[in-house]
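Shown next, in structure tokens, is the structure this report addresses.
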Amino acid sequence: MCASPMQSIPQQQPTGMSQLVKVQDDAGASLVPASDPAESGRWLCSQLEAGNILVFPKTPFSFPQSDREFLLGQKQTNSAFHKNVAYRPAEDRITGLDKTDTPEAARLRAILSGYSQNVTQFLENLLSPYAGKWKLDFASFRPLEERGRTARLHARNDLPHFDSFPTRPTNGDRILRFFTNINPAQSRVWVTSQTFETLGPHFAKSIGLPGPRSANPLANSLRGLAKAIKLPGANRSPYDQFMHKCHNAMKEDSAFQQTCPKQRWEFPPDANWMVFTDCVSHAVLGGQYALEQTFLVSRKAMVEAQRSPIAVLERIAGYPLSN
Ligand SMILES: [Fe+2]
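Numbers in our numbering are just positions in the sequence shown, counted from 1, shifted up by 588.
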């Protein structure tokens, strides 16, 4: 249990609720119940795969104060920084800015690049079973206040959901996200509900699972053509189709949103946390100024592969849902 983030505990704990796992104490000393790095890595991966939230009360790598101050200085009203900013490590490029040829944009890119590298190096050492078995996805800077932020229904962050990226299908690989609250005064507030192992079967029933990949040569050549002309979503597997539908169905389902069991978490200034957002139903209720790095981790790297969302769904379907 993390001493700093606060938890509101329901009277009777429903099944499949995420737990907070404090990985380090405030001085940075390990709290992992394992004697060597390999055992520690397996234990931490198993906690993540169970749908738990790993928390570091202080940023566990170097993050210069001058960089934090630069990010905090980017006011919401500054039109050049009014959106979430994404950093694409593979291209060393930022998106989400109106102007990318300014000194401010160059500084922002350098800070996000450094953050991305530091998180990656830190997790390569910490989560040894996953090291080298992930695709480095985007990092982002989130300068907007989340409380009261307006967005279209499917883009709302304040409604519990599992993540699914329509333009970056994972084909059953996992979405691991590492967050840092750089706000010096304000906590970032999350709510989580039950994990995919509990909720997935419910939504599989209500939405229905996609059928097996067709062996029809015509369907296959049409899919090949769609890929060749880079049609968005052409690589989407039956698993990705389901996860995208599930993401939308959760946000559209007002009865689910109102009645699902919820736990509230507060991540104080300088807290860092990570979670598989494809198996932890999560929502962001408040907070401003966070950084985040996403990894797409191979499903083959899981230490408890049967707990993965794709494994849960394939057990129900009785056939493969990957491409
Ligand atoms: Fe999300």
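Idealized CB from N, CA, C, for every residue including glycine.
Computed from a predicted structure; not experimentally measured.
- If you draw a 10 Å sphere on the C-beta of Y907, you find fewer than 16 other C-beta atoms in it, and that means exposed.
- Closest option to C867, judged by alpha-carbon separation, among A859, L879 and L901: L901.
- A contact between stretches requires three or more CB pairs, one per stretch, nearer than 8 angstroms, and the region 709 to 721 meets this requirement with the region 618 to 637.
- Excluding sequence positions up to five before and after F726, its CB lies within less than 7 angstroms of the CB of A674, Y675, R676 and T882, all in the same chain and listed in chain order.
- Per the coordinates, the alpha-carbon of N745 lies some 23 angstroms from the alpha-carbon of S794.
- At the C-beta level, T768 and L884 stay beyond 7 angstroms of one another.
- Taking 3 residues as the shortest admissible run, the region 868 to 904 contains the following complete beta strand (DSSP E) segments, listed from N- to C-terminal end: 868 to 874 and 878 to 885.
- Per DSSP, Y675 is one residue of the beta strand (DSSP E) stretching across V673 to R676.
- As the crow flies, the alpha-carbon of D655 is around 19 angstroms from that of T683.
- Where V707 is concerned, the enclosing alpha helix (DSSP H) starts and stops at P691 to L714.
- Beta-carbon to beta-carbon, P731 and Q662 are separated by about 5 angstroms, close enough to satisfy the 8 angstroms threshold.
- Note on geometry: alpha-carbon atoms of R903 and L909 lie some 10 angstroms from one another.
- Within the region 767 to 805, the complete beta strand (DSSP E) segments at least 3 residues long are 776 to 783, listed from N- to C-terminus.
- Taking the Cα of V643 as reference, the smallest distance to any Cα among E657, Q612 and N823 is reached at Q612.
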